[in-house]
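> Top to bottom, those sequences are chains G and C.
First residue of the first sequence? That's 1 in this note's numbering, and the numbers climb one at a time after it.
First residue of the second sequence? That's 1001 in this note's numbering, and the numbers climb one at a time after it.
C-beta: ideal position from N, C-alpha, C; glycine also.
Please read these numbers as outputs of a predicted model, since none were measured by experiment.
Dropping the structure in here first, questions after.
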Amino acid sequence: MTSSEKINCLAAGSGFDSLGSQTDGPAVDSHKVGALGAGTKYDVCASTASKRQVEGVERVGSVSRGGLCHSYTPDGRCVSLFKTLYTNACGHECNYCQNASTCGKPGKKYSYAPEELAEITMQLYKGNYIEGLFLSSGTGGDENETMEKIIETGEILRNKYSFQGYMHLKILPGASKEHIRQAMELADRVSINLEAPSKNYLSEMSPTKDYIKDIILRQRYIKELSKKTSSPSGQTTQLVVGAAGETDEEIFQKIIYEYNEIGLKRAYYSVFTPLEGTGFSDREKQPLWREHRLYQMDWLYRVYDLRKKEIELAFDEQGFLPDTDPKTAIARQTLDSAVDPNVAEYEELIRVPGIGPISAERIIMARRQGKLTKDRELQTLGVRINRAKPFLELNGWRDTNLSRWLT
Amino acid sequence: MKTPENFIQYLAAHRDCTEEIMDYARMLSQEDVETGAEPKTAKIRRMISSVRLEIHKMRGFVRLVPLADSISYGFMEPEHDIGMWVADSLAHRFPNTEIIIGNNQRTWRSNYSENGLIHQEGPGIMATIEELKKEQGIMPKEQVNNDTEKLWMTYYLSQYCPDRKNLRQFHKQMPEKHMKAAGMHLEQAVSYMPLTSFV
């Protein structure tokens, strides 16, 4: 659609033009596609990496080991999945969500049918617009009835259309163990949203959900079933950050617990945004940088393998992260002496700001062939020299300027 | 290690690759390319990385349009000589489908079936389609509609959170040259995006 057509549609107050006259694909209500798509826009999970083996030629689709992005939104987020709600009708009373039954400004309620949703997914997939489907939902009638629809959609895709692309299915809070098992047999990944770091915070945010029974217990079911099912699906989770005054440290401690005890693969963080008509519409919007800093902490724990005790140094006395690079903040408190890239172990190198896992490995390989003596050499290996320099000793020289201590 | 074992093949596909660069690269090991700090090696590393990035982006950005049963085509005009990598990757994804991607000058055609992967280069898209008609007696549809593009755009716009707008990040992830190479028109969508937030 051209920009002028779009403007005409907007002027007519009709949103988008109708897609009802299609000949190739299913007759689709574009308002429904838009509304149910928008229902997932705060769900920031975009991973599509899967190690599942796809074989044979009687199939449509495949997965990618490293994941693949087919597009990006104007906020720079990867759009690689057809991410949608099955229905935006919901019986829960979450104070941050516009689909809540208590929302004072409810939008029109829509629902897909499993066949319809599978057809749309296939149409987009065959056009190479997506890596697969991410299916979430409001509870609809009740959580198990809607779980059945989610599973049916997955079954149609896998069995009728021989779809072998990526599939992420949401587990609704309180879903039965059998429904969870069926979803796990179909999906590359499943997830149930934790939303908050503790029972008390969740009861303030979502009074109709029981933190332990509806969410944590279901996460444990997923962990248990992972060992029994043939599918490779692991679980992820997401939190709404800052809706109920919770601190970054509380969030971080909870997620570390989940990584270790629940076998969580990834945690996603979405900062709270007050939405019109919701119970929390007058609460303070959380800054986007809070989400960014939490991801950095997550990365330091999972990828850089920093210990919990080191990471905790980045929090202030109230348990919040300041808007500065946490790795630099930690390095200032832990790197007592300058690191010599010619002799330092991998574990030491990776703790230097400006050096990541790839550049640390490259440094170790490069120094086997000769001593590293210049900043420029480190730069070509991928080191961000301005950030790293205050913590390094190169060629017997040490940069003693104040930048090490200044933010 | 980021440098792949077959780095020479990627280097050869680079737009600015010369015999001199190839001769020099043949003397290097995988490890040399990965860690070499002297300018020539660093340049080779950047060239390989640029080729591999374009392959990766095209695998995601090229759109396919069904032309007839089991035939799909897509526009692509890449900077480097990477067409066959992308066509083969799409053919693997859609077995038993003739994948044709290309532009007015060149096409890359690939088909993955129980007979394995069969691929060939050809002239411009129109000429390739004429060839297909003769070869297989295929009658492509007279008019290809863009309903899937419309459906996609509706969905794509629904994912945007205006309060998170970050065009710098958008352009970093979707450089203009890659969008152009894949024939994408997302910038147009982005330009009218703010209007939708009033609807």
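Comparing the C-beta of M365/G with each C-beta of chain A, is any distance below 8 Å?
Given the protein chain composition of this structure (G and C), no chain A is represented.
> So the candidates are L68/G, N99/G, I355/G, E185/G; which of them puts its Cα closest to the Cα of L81/G?
Of L68/G, N99/G, I355/G, E185/G, the residue nearest in Cα terms is L68/G.
> Counting only Cβ pairs nearer than 8 Å, list the residues of chain C close to D75/G.
Those are Y1160, C1161, R1164, K1165, N1166, Q1169, F1170, listed as they occur along chain C.
> In chain order, what residues of the stretch 68-93 of chain G put their CB closer than 8 Å to some CB of chain C?
Under the 8 Å Cβ criterion, the stretch 68-93 of chain G contributes L68, C69, H70, S71, Y72, T73, P74, D75, G76, R77, C78, V79, S80, F82, K83, T84.
> Tell whether a beta-carbon distance below 8 Å holds between R1164/C and D75/G.
Yes, they are a contact pair.
> What does a CB cutoff of less than 7 Å around L264/G pick up in its chain, not counting 5 residues either side in sequence?
Hits under 7 Å: Q235, T236, T237, E258.
> Does the beta carbon of S30/G sit closer than 8 Å to a beta carbon anywhere in chain C?
For S30/G, the answer is yes, since a Cβ of chain C falls inside 8 Å of its Cβ.
> So, for P1078/C: in the same chain, excluding its five sequence neighbours on each side, which residues have a beta-carbon less than 8 Å away from its beta-carbon?
Only E1054, M1058, V1086, A1181 meet the Cβ criterion.
> Locate the beta strand (DSSP E) running through R233/G, then write down its first and last residues.
As written in the sequence, residue 233/G is Ser, which differs from the Arg given in the question. From DSSP, S233/G is part of no beta strand (DSSP E); its letter is neither H nor E.
> Which two residues bound the contiguous beta strand (DSSP E) that contains P1066/C?
First-last of the beta strand (DSSP E) with P1066/C: 1065-1068.
> Could you run through the stretch 1025-1036 of chain C and flag, in chain order, every residue whose CB is less than 7 Å away from some CB of chain G?
Per Cβ criterion, the list reads E1031, E1034, T1035.
> Could one say the Cβ of E1005/C lies closer than 8 Å to chain G's Cβ atoms, at least one of them?
Not closer than 8 Å to any Cβ of chain G, the Cβ of E1005/C fails to qualify, so no.
> What are the complete beta strand (DSSP E) segments, minimum 3 residues, inside the stretch 1113-1155 of chain C?
You should have 1116-1122.
> Residues of chain C with CB under 9 Å from N144/G, in chain order?
Those within 9 Å of N144/G in chain C number zero; the least Cβ separation is about 27 Å.
> For I1048/C, I'd like the list of residues in its chain whose CB is within less than 6 Å of its CB, leaving aside the five on either flank, ordered along the chain.
Excluding residues within five positions, the ones whose Cβ falls inside 6 Å are F1007, Y1010, L1011.
> Less than 8 Å separating the beta-carbons of S1113/C and G37/G?
Contact: no.
> With C-beta atoms as the reference, is Y86/G less than 8 Å away from S64/G?
Contact flag unset, no.
> Strictly below 8 Å CB to CB, what residues from chain G border Y1156/C?
In chain order: S71, T73, V79.
> Quickly, what does DSSP pair C78/G with across the bridge? List them, please.
BP columns for C78/G point to Y72/G.
> Just the C-alpha distance for D24/G and D1147/C, rounded to the nearest angstrom, thanks.
Caution applies to D24/G, whose pLDDT of 47 falls short of 50 and renders its modelled position unreliable; the model cannot decide the point.
> Of all the residues that make up the stretch 1108-1134 of chain C, which are near chain G by a beta-carbon distance shorter than 8 Å?
Listed by position along the chain: Y1112, S1113, E1114.
> To the nearest angstrom, report how far apart L172/G and S136/G are at their CA atoms.
Each residue's Cα considered, the two are about 8 Å apart.
> Are the C-beta atoms of D24/G and some chain C residue less than 8 Å apart?
Its pLDDT being 47, under 50, D24/G is placed unreliably by the model, and nothing is read from it.
> What residue range does the alpha helix (DSSP H) around K1180/C cover?
1176-1181 is the span of the alpha helix (DSSP H), which, as asked, contains K1180/C.
> Residues in its own chain within less than 6 Å of Q22/G by CB, not counting five upstream and five downstream?
Unreliable placement is indicated for Q22/G, whose pLDDT of 34 sits below 50; the coordinate value is still reported in the next sentence. Excluding residues within five positions, none has a Cβ falling inside 6 Å.
> Mind the definition here: the stretch 110-129 of chain G touches the stretch 178-191 of chain G only if three or more C-beta pairs lie below 8 Å; say whether that holds.
These segments do not touch.
> Would H1119/C and D1081/C qualify as a contact pair, given that the criterion is a beta-carbon distance under 8 Å?
For H1119/C and D1081/C, no; Cβs fall outside 8 Å.
> Could you tell me if I212/G is buried or exposed, where buried requires 16 or more neighbouring beta carbons within 10 angstroms of its beta carbon?
It is exposed - the Cβ of I212/G has fewer than 16 other Cβ atoms within 10 Å.
> Please confirm if I120/G has its CB atom under 8 Å from at least one CB of chain C.
It does: the Cβ of I120/G has a partner Cβ on chain C nearer than 8 Å.
> Please confirm whether T278/G has its beta-carbon closer than 8 Å to some beta-carbon of chain C.
Judged by the 8 Å Cβ criterion, T278/G is not in contact with chain C.
> For chain C, is any of its Cβ atoms less than 8 Å away from the one on G61/G?
So, interface residue.
> Going by alpha carbons, who is nearest to S206/G out of K227/G, G104/G, G91/G, K285/G?
Checked all of K227/G, G104/G, G91/G, K285/G; the closest Cα to S206/G is G91/G.
> List, in chain order, every chain C residue whose beta-carbon is nearer than 9 Å to that of G154/G.
Residues of chain C passing the Cβ test: none, with the nearest at roughly 19 Å.
> In its own chain, which residues sit with a C-beta less than 8 Å from the C-beta of G1121/C, not counting the 5 before and 5 after it?
This sequence places Glu at residue 1121/C; Gly is not what is there. Only G1083, M1084, R1106, T1107, W1108, R1109 meet the Cβ criterion.
> Within a Cβ cutoff of 6 Å, which residues of the same chain sit near K32/G, ignoring the five residues on either side of it in sequence?
Here the set comprises Y110.
> Give a yes or no on whether the minimum CB-CB distance between N128/G and chain C is below 8 Å.
For N128/G, the answer is yes, since a Cβ of chain C falls inside 8 Å of its Cβ.
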